[in-house]
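Participant: Residue numbers (this note's numbering), protein chains in the order written: chain S, 7 to 337; chain Y, 7 to 337.
By construction, the Cβ of each residue, glycine as well, lies at the ideal position given by its N, Cα and C atoms.
Fair warning: this is a prediction, and the values are worked out from it, not measured in the lab.
Let me give you the structure first, and then I'll get to my questions.
Number of protein chains: 2
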Amino acid sequence: MTDKKFYPEESACFAAAIEKLKGQKVAVLGHQRPDGDCIGSTVAVVRVLISLGIEAIGLNRDATPAPLGAFVGETPMALAADFTPDGHMAVTVDCADFKRVGDRLNEFFPEVALNVDHHISNKLYGSKNLVVATACATAEILAGFCLDNGYEIDAVTAQALYVGIATDTGQFRFPSTTPDTFEIARRLCECGANPSSAAHELYERESFAKIKLLQNFLDSLTMEFEDRVCVGLIENGVYGETGATIDDSEGLVDYARAIDGVEVGVLIEDRAGAVKGSLRAKDPKYRVDQIAKQFGGGGHACAAGLNVENSSIKEFYPQLMQAIGEHLKNL
Amino acid sequence: MTDKKFYPEESACFAAAIEKLKGQKVAVLGHQRPDGDCIGSTVAVVRVLISLGIEAIGLNRDATPAPLGAFVGETPMALAADFTPDGHMAVTVDCADFKRVGDRLNEFFPEVALNVDHHISNKLYGSKNLVVATACATAEILAGFCLDNGYEIDAVTAQALYVGIATDTGQFRFPSTTPDTFEIARRLCECGANPSSAAHELYERESFAKIKLLQNFLDSLTMEFEDRVCVGLIENGVYGETGATIDDSEGLVDYARAIDGVEVGVLIEDRAGAVKGSLRAKDPKYRVDQIAKQFGGGGHACAAGLNVENSSIKEFYPQLMQAIGEHLKNL
């Protein structure tokens with residue numbers, strides 16, 4: 007075991023913030039449509055608080071997606087719709103903007119005692135804000151805090167934090183993966199995290215419907231702008247035909263981006279009279295967030311999304327191509 | 007930096023073996039149809055030998071697959087067909103059986119000075135055999151040897167070893183991933199390995215033809231044995247239609263295995279009058295190597311392959327299903 011401190015300053019602030027929560031009831035809030043880092047971070051904070059004698063519950067607007075359910079264990083979690091606050095203090099994890107917890111939870115908690123996040127765009131809406139933008143995941147920050155402060159990391163907590171890191175780095179593939187990421191992964195494994203059982207739950211329990219959706223998406227791929235842009239579609243009726251759900255479209259756009267020579271991958275979906283778009287660039291110089299912004303969307307330089315009401319793929323496709331064309335020309 | 011020794015005993019043997027190679031010319035041999043661990047290990051050993059003043063060259067029967075080419079750098083490498091030995095000593099990496107280097111190299115080198123490998127089935131055919139079956143990759147063993155012995159690990163060597171580990175663990179997903187795997191990954195990053203640029207070369211340079219092959223494969227998926235087995239096909243003509251090469255079929259079978267409830271994923275290919283089969287199980291209790299063995303194939307409990315001459319998918323499919331059915335019944 008090493009004595010290395012991952013976040014010496016922030017870990018001390020975290021310990022002080024936790025100290026203030028003693029004797030209180032705490033609700034740990036994640037963002038709507040929770041992902042691996044959100045669920046992993048929520049589970050970990052709830053469990054650590056409980057291990058320190060603090061009553062805590064995880065709260066989300068939306069249900070935990072099926073592949074992540076295995077990492078919750080017996081951790082107390084509730085849906086916003088089923089919850090009434092009773093003097094709870096709010097802690098948020100992985101929420102750049104407090105709006106992202108959803109309306110009902112926004113109303114329940116006029117104040118946020120502690121905001122832990124890794125998004126550079128974090129709006130620092132908490133009474134205490136611990137934002138480490140260099141971290142690959144909120145779970146990486148929380149793992150660092152626990153290790154630095156010597157908090158108990160049981161096997162469920164270790165696995166939850168590991169899952170947050172593994173999913174938010176795309177299995178250690180994104181540029182946010184640093185030597186510290188591997189060091190923290192190692193120490194979580196020593197606390198009981200199990201990479202292969204995590205991978206089994208995350209990647210080896212795909213529905214056949216999702217595979218059929220992928221097949222349909224790949225069949226639709228079209229190259230644009232001399233093969234620099236690859237566009238895939240989910241047209242009206244495809245969810246019905248394949249039996250897939252809209253959650254199953256997660257990650258499809260990465261297949262478009264992964265093609266050699268493609269610089270921007272695009273997914274356009276027909277969704278009940280509206281259109282949803284996802285844009286993924288290989289290089290941050292492309293600023294797909296700026297393209298998305300033209301249609302009321304937003305996101306990061308390399309990963310952005312948009313929703314357009316009262317439109318269709320047929321109507322939206324040429325509009326989006328024009329915007330992408332302009333963007334490529336002006337680079 | 008930690009002083010931990012990864013393989014204290016074997017590292018000392020490795021250092022002694024290298025000492026004996028001083029003043030000699032060395033050919034570092036990998037297995038035919040080289041993968042990431044083979045290329046990464048070959049590149050690393052050649053570079054380390056050169057850094058120690060030993061003339062060395064990497065040798066393989068088959069060309070380095072395109073996605074791995076980026077990790078070779080200026081390391082001296084040659085194809086067996088273009089090479090004539092001139093008193094070279096042979097070192098093998100990642101070869102369980104010396105036959106796996108291919109006929110021509112078998113003939114060139116009647117003796118193998120050093121055999122470094124992680125396959126439990128290694129035949130110990132070298133004058134010196136350093137086989138660590140608990141290691142996730144041959145590259146993990148070699149990285150441990152270099153770190154333990156304080157050999158120079160330049161950025162190209164670090165990246166090559168990282169790629170060996172990342173590919174042989176399926177990006178840190180297989181059960182062979184241990185705390186030491188992460189510790190070694192961390193230390194390789196500190197020596198200049200770059201996980202995201204490795205991932206870019208490995209996973210973001212797919213050919214459009216490969217994507218079309220995947221689409222075709224997914225379209226062919228059929229469930230058998232009450233959805234416990236999922237079978238995908240590459241029929242005659244599909245390579246031509248999609249423009250894909252046989253190397254592009256690598257990894258397809260994992261899509262069949264990854265479906266929820268599926269216990270064994272299967273790929274059957276028509277190949278010019280012969281049939282090639284790949285079997286992947288989620289759990290080692292299935293022993294797909296035993297199924298493959300009935301058709302002259304073999305492999306590991308969870309990953310096996312076979313080739314049947316003078317057959318076709320149409321003829322072979324029912325034979326294979328019968329063998330799988332018997333195996334499932336007798337579990």
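Only counting the same chain, and skipping five residues up and downstream in sequence, which positions put a Cβ closer than 8 Å to that of Y:SER17?
Facilitator: The answer, listed in chain order, is LYS11, GLY150, PHE151, ASP154 and ASN155.
Participant: Identify the contact partners of Y:PHE178 in chain S, using a Cβ-Cβ distance below 7 Å as the criterion.
Facilitator: Those within 7 Å of Y:PHE178 in chain S are GLN177, PHE178 and PRO201.
Participant: DSSP has Y:ALA96 in a bridge; who is on the other side?
Facilitator: Its beta-bridge partners are Y:ALA33.
Participant: Strictly below 7 Å CB to CB, what residues from chain Y border S:PRO181?
Facilitator: Result: SER202.
Participant: Between the alpha carbons of S:GLY108 and S:GLY42, how many angstroms are there, rounded?
Facilitator: Their Cα atoms are separated by approximately 18 Å.
Participant: Since Y:PRO185 meets chain S, which of its residues come closer than 7 Å, beta carbon to beta carbon?
Facilitator: The answer, in chain order, is ARG192, CYS195 and GLU196.
Participant: Alpha carbon to alpha carbon, how far is Y:ARG106 from Y:GLN38?
Facilitator: Between Y:ARG106 and Y:GLN38, the C-alpha separation is close to 6 Å.
Participant: Would you kindly work out how many angstroms separate the C-alpha atoms of S:GLU232 and S:VAL294, rounded to a whole number?
Facilitator: When rounded, the distance between both Cα atoms is 18 Å.
Participant: To test your reading of the DSSP string, which unbroken alpha helix (DSSP H) runs of 4 or more residues are found completely within the stretch 50-126 of chain S?
Facilitator: Counting whole runs of 4 or more residues, the stretch 50-126 of chain S contains the alpha helix (DSSP H) stretches 72-75 and 109-114.
Participant: Considering only C-alpha positions, which residue in the set Y:ASP9, Y:ALA102, Y:THR163 and Y:PHE114 is nearest to Y:VAL32?
Facilitator: Cα-wise, what sits closest to Y:VAL32 is Y:PHE114.
Participant: For S:LYS291, which of helix, strand or coil comes out of DSSP?
Facilitator: Three-state result, S:LYS291: helix.
Participant: Give every residue of the same chain whose Cβ lies closer than 6 Å to the Cβ of S:ILE265, excluding the five residues on either side of it in the sequence, and list them in chain order.
Facilitator: The answer, listed in chain order, is CYS236.
Participant: Less than 8 Å between the CB atoms is what I'm expecting for S:GLY64 and S:VAL34, so what's the real figure, rounded?
Facilitator: Confirmed, about 5 Å.
Participant: In the stretch 207-245 of chain Y, which residue ranges form an unbroken alpha helix (DSSP H) of at least 4 residues, counting only runs that do not cross its ends?
Facilitator: List check, alpha helix (DSSP H) in window: 214-226.
Participant: Would you grab the beta carbon distance between Y:CYS142 and Y:THR173 for me? Rounded to a whole angstrom, and I think it's under 8 Å.
Facilitator: Y:CYS142 to Y:THR173, Cβ: 10 Å. No contact.
Participant: How far does the alpha helix (DSSP H) with S:ALA172 in it extend, from its first residue to its last?
Facilitator: Element bounds for S:ALA172: 161-174.
Participant: For a test of the three-state rule: what should DSSP assign to Y:LEU136, helix, strand or coil?
Facilitator: DSSP places Y:LEU136 in strand when its eight states are reduced to three.
Participant: If distances are taken between C-alpha atoms only, which option among S:ILE190, S:ALA199, S:ALA250 and S:SER203 comes closest to S:VAL219?
Facilitator: This sequence places Leu at residue 219 of chain S; Val is not what is there. The option with the nearest alpha carbon to S:LEU219 is S:ALA250.
Participant: Using a Cβ-Cβ cutoff of less than 6 Å, which residues in the same chain neighbour S:HIS333 once the five nearest sequence positions on both sides are dropped?
Facilitator: Once the five neighbours on either side are set aside, the close Cβ partners of S:HIS333 are ILE297.
Participant: Of all Cβ atoms in chain Y, is any one closer than 8 Å to the Cβ of S:LYS288?
Facilitator: True, the Cβ-Cβ gap to chain Y drops below 8 Å.
Participant: Using only the alpha-carbon positions, how far apart do Y:SER226 and Y:GLY246 sit?
Facilitator: Those two C-alpha atoms are separated by around 17 Å.
Participant: With H, G and I counted as helix, E and B as strand and the rest as coil, what does DSSP make of Y:SER284?
Facilitator: Strand.
Participant: Would you call the CB atoms of Y:ALA166 and Y:GLY46 closer than 8 Å?
Facilitator: It is a contact, given that the beta carbons lie within the stated cut-off.
Participant: Just reading off the alpha helix (DSSP H) that S:ARG263 is part of, what are its end residues?
Facilitator: 258-263 is the span of the alpha helix (DSSP H), which, as asked, contains S:ARG263.
Participant: Short of 7 Å Cβ to Cβ, which residues in the stretch 204-229 of chain Y face chain S?
Facilitator: Of all residues in the stretch 204-229 of chain Y, ALA205, TYR209, GLU210, ARG211, GLU212, SER213, PHE214, ILE217, LEU220, GLN221, LEU224, ASP225 and LEU227 have a Cβ within less than 7 Å of some Cβ in chain S.
Participant: Counting C-beta neighbours from all protein chains within 10 Å, is the total for Y:GLU25 16 or more, i.e. buried, or is it exposed?
Facilitator: So Y:GLU25 ends up on the exposed side.
Participant: Which word fits Y:ASP123, buried or exposed, when buried means at least 16 other C-beta atoms lie within 10 angstroms of its C-beta?
Facilitator: Y:ASP123 comes out buried.
Participant: Take S:GLN30 as the anchor and find which of S:PRO14, S:LYS335, S:ALA329 and S:LEU55 has the nearest alpha-carbon.
Facilitator: With distances taken between Cα atoms, S:GLN30 lies closest to S:LEU55.
Participant: Expressed to the nearest angstrom, what Euclidean distance is found between the alpha-carbon atoms of S:CYS195 and S:PRO201?
Facilitator: About 8 Å.
Participant: Who are the near neighbours of Y:ALA215 in its chain, counting only those whose CB is closer than 7 Å to its CB and skipping five residues on each side?
Facilitator: These residues qualify, in order along the chain: THR248, GLY249, ALA250 and ASP254.
Participant: With a 10 Å radius around its C-beta and 16 neighbouring C-beta atoms as the bar for buried, classify S:GLY267 as buried or exposed.
Facilitator: The residue is exposed, with fewer than 16 neighbouring Cβ atoms inside 10 Å.
Participant: Expressed to the nearest angstrom, what Euclidean distance is found between the alpha-carbon atoms of S:VAL270 and Y:GLU207?
Facilitator: For S:VAL270 and Y:GLU207, the distance between alpha carbons rounds to 16 Å.
Participant: Which residues mark the beginning and the end of the alpha helix (DSSP H) in which Y:GLY331 is found?
Facilitator: Per DSSP, Y:GLY331 belongs to the alpha helix (DSSP H) from 319-335.
Participant: Check whether the Cβ of Y:GLU189 lies closer than 8 Å to any Cβ atom in chain S.
Facilitator: For Y:GLU189, the answer is yes, since a Cβ of chain S falls inside 8 Å of its Cβ.
Participant: So what's Y:ASP9 in DSSP terms, helix, strand or just coil?
Facilitator: Reduced to three states, the DSSP call for Y:ASP9 is coil.
Participant: Let me confirm a value: Y:GLU2 is counted as buried when at least 16 other C-beta atoms fall within 10 Å, else exposed. Which label applies?
Facilitator: As displayed, chain Y neither begins before 7 nor continues past 337, which places residue 2 of chain Y out of reach and without an answer.
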